[in-house]
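Residue numbers for the sequence shown follow the numbering used here, beginning at 986 and rising by one.
Don't be surprised by glycine CBs; every beta carbon is placed ideally from N, CA and C.
All values derive from a computational prediction rather than experimental measurement.
Quick notes on the structure that follows.
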Amino acid sequence: MTNKFPRLAIVTGSDSGIGRATAELLATEGFDVGLTFHTDEEGIRETAEEVARRGQRSFVEAFDASAADAGSVVDRLTGQLGGLGVLVNVAGTGHSNRVVDLPLEKWREVIATDLDGPFLCAPNGLRAT
């Protein structure tokens, strides 16, 4: 990684999977990391512990990527970090239904989480730097 931006990052959905792995890698590379979770409090605690084990600071916020105010979480974390160099929108959801069997309500939840969330967060995070 280059040093052309502040070593301050936010990773949405960092309580498990790709989000956790990304947060841990960024911490290994010397980044302080803002972490978000939706419902997995144990998972986010484990991620925060791994960031600390790598010698970096972390800040944790609950996050609903489908909420209209999702960007405010990025703004709060940016303030806690003291800036922002990297924003990684990993938060997402899924389903196990075939698309033809998917209720409209579930479809809208997936779209709101997977597409609206990053849209709502990116402008706020970029504007804060």
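For L1011, no pairing in a beta bridge is given by DSSP. For D1099, there is no enclosing beta strand (DSSP E), as DSSP marks it with neither H nor E. In the three-state reduction of the DSSP assignment, T1078 falls in the coil class, being assigned neither a helical nor a strand state. According to the DSSP assignment, V1085 belongs to no beta strand (DSSP E), since it is labelled neither H nor E. By the 16-neighbour rule on beta-carbons within 10 angstroms, R1005 is buried. Note: L1072 is bridge-paired with I995 in the DSSP secondary-structure output. The beta-bridge partner set that DSSP reports for A1047 consists of F1022. Counting the other Cβ atoms within 10 Å of the Cβ of G1067 gives fewer than 16, which makes it exposed. About 7 Å separates the Cβ atoms of V1073 and A994, confirming a contact at the 8 Å cut-off.
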